[in-house]
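Okay, so the sequence shown: first residue is 13 according to the working numbering, each after it adds one. Just below is one structure, and these are the notes that go with it.
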Amino acid sequence: MSTRPLHAPTPTRAPARTSPTITPGSLLLAGGMAIALLAAAAAAQAPTTAPTTAPTTAEPPATRTAADDRIPVRTADDLPRHTYPLTGKAIEIIRDDAKFFGLLDAALADAKRDLERYRIDDSATLKGYYDGISAAYVAKGDFDTALSYSDKSRALETKDQDRLMRGMTLRAIVAARRSLGLQPGQKPADAAAFNEAFKRELRSLVEPLPYDLIKDRLIGVRNQAKIISPGLIEASLGSGLDPLIEAGKGSVAAEVVGALIEARVTLNVMLDLIPSMAEVYGTIIDARSADAAKAAKAADKWTARLVTLDASASAKPVAVGIWDSGVDTSLFPANLWTNSAETANGKDDDNNGFVDDLHGIAFSLDRKPTTGPLADLSGLRGDKQQLLRFIAASMDMQAGITNAGVEEFQNHYRSLKQEQMRTFTDDLGLMGSYTHGTHVAGIAIAGNPFARLVHITENWPYKSIPDEAPTVEMGQLWGQNSRDAVAYLRKANVRVVNMSWRVGRSAFEGMLEAKGVGNSPEERAELSRKIFAGLRSGLEDAIRSAPEILFVAGSGNEDNDVDFAEYIPAGLRLPNLLTVGAVDNQDRFTDFTTTGSNVVLYANGYRVKSVVPGGQEIEFSGTSMAAPQVTNLVAKILALRPELTPAEVIDLLKAHADPVPDRPGRLIINPRKTIDAIGR
């Protein structure tokens with residue numbers, strides 16, 4: 013589930029949560045980016061309304077026969093829901109062979125049966141099925157069968173960086189076993205000899221690959237090897253999965269079982285291999301990093317596209333909405349829209365329902381009007397400044413940087429106990445939201461002295477286990493918030509609004525499950541549809557009511573399809589809404605970008621530098637960073653040509669964009685060409 017911003021400052025990769033997580037596939041299946049650190053609720057219920065950090069139905073579908081009579085699956089809501097009887101602590105279940113393998117066999121049978129009964133054209137979902145089945149066979153010790161399913165997943169991959177590394181660890185395990193003459197199911201008698209064979213095979217597989225495409229995966233493994241430990245995994249299991257098992261009251265969802273399988277694979281297989289992987293990958297990194305840095309700088313295609321408007325240009329101020337987690341307005345004193353009818357006195361001077369709305373408005377976590385331009389940090393348990401350092405450190409880790417901040421973060425995270433884990437990951441989630449909107453705003457106004465920021469500040473759910481279950485009334489109220497927000501933007505004469513966040517129906521289903529609401533998965537699914545409908549209709553009505561405003565949304569960071577996942581605003585089809593995906597500075601699809609038939613425009617969303625509250629500059633990655641690149645260009649166009657309509661602006665963006673290599677119909681915005689075309 014996901015209710016969050018679209019970037020993700022994590023120590024692993026851009027997409028996902030703003031905290032270390034486990035993702036299905038981890039090292040064995042996805043090739044090494046997400047080591048199983050098991051903030052395990054992420055696997056079972058990663059939220060979907062958030063500031064944002066795949067080729068699916070928009071890409072070639074899975075092959076099927078003409079006489080295919082399977083049940084068609086058009087969205088994630090059409091997928092079957094499986095539950096399994098289960099009680100107890102997660103770590104005890106993993107260690108109990110009888111209980112664990114009974115659970116595994118039932119889930120494995122269901123997964124295979126689903127593939128036989130349902131026609132799933134969404135490649136991200138199919139990859140998830142194949143990776144999950146592969147992990148189950150690894151847990152059973154059947155590495156050859158595991159590899160065969162991993163290869164099925166790899167065959168669906170259209171992104172070079174993912175295809176190259178997908179299943180690489182598993183491939184090396186199989187090759188090492190064969191080199192030692194091990195039979196299926198046979199355990200190595202000499203662990204040291206197997207380890208050496210594994211390192212040899214892994215290096216022979218990885219070293220010849222194009223380094224610029226795989227370096228992030230290698231860096232991620234080497235850095236996380238400094239954190240991972242049995243104690244950390246157990247702590248994460250206890251804080252992440254135990255509450256879900258308890259909330260299930262004797263019945264758990266398939267996602268929980270998948271997380272248990274992944275955890276057992278990590279504990280029983282991967283922990284012994286991770287140091288060897290880090291050693292092999294570190295050798296490759298050290299040998300190639302200097303040359304790769306020079307090559308990457310030379311290959312940068314994004315920077316040359318950027319353009320700055322001179323303050324003396326013949327242009328007019330343009331109001332830019334940042335609908336996000338808040339903006340540190342003190343950082344942008346020359347770029348603020350100001351409500352002249354309001355003063356900072358604790359009163360609603362203009363009687364519009366919002367107190368002290370000098371530069372915009374805000375909604376609290378309970379969807380009521382509140383004050384302040386930034387997200388509320390009252391729920392923060394840890395030290396704010398330390399957590400800001402940790403977010404910066406996690407970004408440095410992604411870039412392969414080692415410094416005092418990175419070491420502080422690694423030491424702190426490695427030391428966490430079970431009772432501390434959820435607090436820490438929730439704190440990182442809250443701080444991720446807190447920093448997100450300011451970072452987005454900095455990108456949206458860069459190089460534009462005519463931009464005037466208007467903030468719509470949202471306090472998004474950030475806890476892995478919510479305090480309260482969502483309700484239909486909450487969905488309706490959230491929808492009304494959207495109408496109120498757009499009405500405010502219209503009154504402020506805003507011309508373009510950035511929305512680097514997404515909400516999916518599954519978010520609410522996951523929250524309901526986490527709180528033990530409903531007597532069955534079907535009951536929770538139906539309730540989630542009603543909750544989601546209130547928000548979706550309100551948001552769609554709001555955007556439709558403002559045809560003079562161009563809304564720019566980030567597509568998402570889950571490498572999936574906006575329609576299949578039912579994301580809003582990204583999946584809405586409205587003439588004044590653009591959904592933007594992410595490329596890197598070399599014009600390649602990022603490995604995280606969500607796609608879809610309506611995701612035509614792309615912009616750089618890879619390690620984009622901007623400010624966070626307080627003024628520190630940090631690089632974030634995500635479609636959250638790509639969307640404001642488009643907003644930035646739109647605001648510059650409208651400053652120079654305020655008479656243009658949203659439709660005319662969209663035509664300009666597309667007419668002067670560059671094609672995404674090998675992605676027919678996909679375009680990368682080109683600010684310089686576009687601004688030069690209309691004159692400065």
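Beta carbons are placed, not taken as given, at the ideal position from N, Cα and C, and that holds for glycine. For clarity, every value in this text was computed on a predicted model and none was experimentally measured.
Please return the same chain residues whose Cβ sits closer than 6 Å to the Cβ of residue 388, not counting the five positions on each side in sequence.
Taken in chain order, the residues that qualify are 471.
Within 10 angstroms of the Cβ of residue 479, are there 16 or more other Cβ atoms? Answer buried if so, exposed if not.
Classification of residue 479: exposed, given that the 10 Å Cβ count is below 16.
Could you have a look at residue 468 and say whether DSSP puts it in helix, strand or coil?
The answer is strand: DSSP assigns residue 468 an E or B state.
Look up residue 632 in the DSSP assignment and say whether it is helix, strand or coil.
Strand at residue 632.
In angstroms with no decimal places, state the Cα-to-Cα distance between residue 341 and residue 385.
Looking at the two C-alpha atoms, the distance is approximately 7 Å.
I think residue 356 touches residue 277, with their Cβ atoms under 8 Å apart; what is that distance to the nearest whole Å?
The pair is not a contact, with the Cβ atoms about 55 Å apart (cut-off 8 Å).
With a 10 Å radius around its C-beta and 16 neighbouring C-beta atoms as the bar for buried, classify residue 99 as buried or exposed.
By the neighbour-count rule (16 or more Cβ atoms within 10 Å), residue 99 is not buried but exposed.
Secondary structure at residue 335, three-state DSSP: helix, strand or coil?
Looking at residue 335 - three-state DSSP - the assignment turns out to be strand.
Hey, does residue 327 have any beta-carbon neighbour from chain D nearer than 8 Å?
Looking at the structure shown, chain D is missing, and only one protein chain is on hand.
Would you kindly report the start and end of the unbroken beta strand (DSSP E) that includes residue 593?
589-595 is the extent of the beta strand (DSSP E) around residue 593.
I need the DSSP call for residue 84, collapsed to helix, strand or coil.
Of the three classes helix, strand and coil, the one that applies to residue 84 here is strand, per DSSP.
Which runs of the alpha helix (DSSP H), 4 residues or longer, sit entirely within the stretch 93-161?
Counting only runs of 4 or more, we get 102-107, 109-129, 135-152.
Determine the closest residue to residue 299 out of 227, 310, 366, 338, with distance taken between C-alpha atoms.
Measuring from the Cα of residue 299, the nearest candidate turns out to be 227.
By Cβ distance, which residues of its chain are closer than 6 Å to residue 640, with the 5 residues on each side in sequence left out?
Same-chain partners within the cutoff: 452, 455, 456, 510.
Looking at the structure shown, is residue 239 part of a helix, part of a strand, or coil, going by DSSP?
It is coil, neither helix nor strand.
So what does DSSP say about residue 413, is it helix, strand or coil?
Of the three classes helix, strand and coil, the one that applies to residue 413 here is coil, per DSSP.
Is the Cβ-Cβ distance between residue 633 and residue 550 less than 8 Å?
For residue 633 and residue 550, no; Cβs fall outside 8 Å.
Residue 181 to residue 315, Cα distance in whole Å?
Distance between the alpha carbons of residue 181 and residue 315 is about 35 Å.
So is residue 195 buried or exposed if we call it buried at 16+ other beta carbons inside 10 Å?
Counting Cβ neighbours within 10 Å, residue 195 comes out exposed, since fewer than 16 surround it.
Hey, quick one: how far does the alpha helix (DSSP H) through residue 490 stretch, first residue to last?
Run containing residue 490: 484-503, per the alpha helix (DSSP H) assignment.
Examine the ligand HEM and report whether any of its heavy atoms sits within less than 7 Å of the Cβ of residue 556.
As presented, the structure is devoid of all ligands, the ligand HEM included, so that no description of it is given.
Could you check whether residue 294 and residue 229 sit closer than 8 Å to each other, using their CB atoms as the reference points?
No, these two residues do not count as a Cβ contact at 8 Å.
Quick check: what's the CA-CA separation for residue 401 versus residue 393?
When rounded, the distance between both Cα atoms is 15 Å.
Under the three-state reduction of DSSP, which class applies to residue 434: helix, strand or coil?
DSSP places residue 434 in helix when its eight states are reduced to three.
Rounded to the nearest angstrom, what separates residue 178 and residue 267 at their Cα positions?
Near 21 Å, if we compare the C-alpha coordinates of residue 267 and residue 178.
Measure the Cβ-Cβ separation of residue 672 and residue 599 and say whether it is below 8 Å.
Yes. Within cutoff.
Quick check on this structure: which residue in 186, 489, 442 has the alpha carbon closest to the alpha carbon of residue 475?
With distances taken between Cα atoms, residue 475 lies closest to 442.
What residues are listed by DSSP as bridge partners for residue 372?
467.
Rounded to the nearest angstrom, what separates residue 187 and residue 210 at their Cα positions?
Residue 187 and residue 210: Cα-Cα distance of roughly 8 Å.
Can you find the residues in the same chain that come closer than 8 Å, C-beta to C-beta, to residue 3, ignoring five residues on each side of it along the sequence?
Outside the shown range of the chain, which is 13 to 692, sits residue 3, and nothing can be said about it.
Counting Cβ pairs, one atom from each stretch, are 3 or more of them under 8 Å apart for the stretch 254-267 and the stretch 96-111?
The stretch 254-267, when compared against the stretch 96-111, does touch it at the 8 Å Cβ threshold.
Name the DSSP beta bridge partners of residue 295, please?
According to DSSP, which records beta bridges pairwise, residue 295 is partnered with nothing at all.
How big is the Cα-Cα spacing for residue 347 and residue 105?
Cα-Cα distance, rounded: 56 Å.
Just reading off the alpha helix (DSSP H) that residue 666 is part of, what are its end residues?
658-667 is the extent of the alpha helix (DSSP H) around residue 666.
Determine contact between the stretch 511-524 and the stretch 567-584, defined as no fewer than three beta-carbon pairs at a distance below 8 Å.
The stretch 511-524 vs the stretch 567-584: in contact.
In the DSSP assignment, find the unbroken beta strand (DSSP E) run with residue 563 in it and report its ends.
First-last of the beta strand (DSSP E) with residue 563: 562-566.
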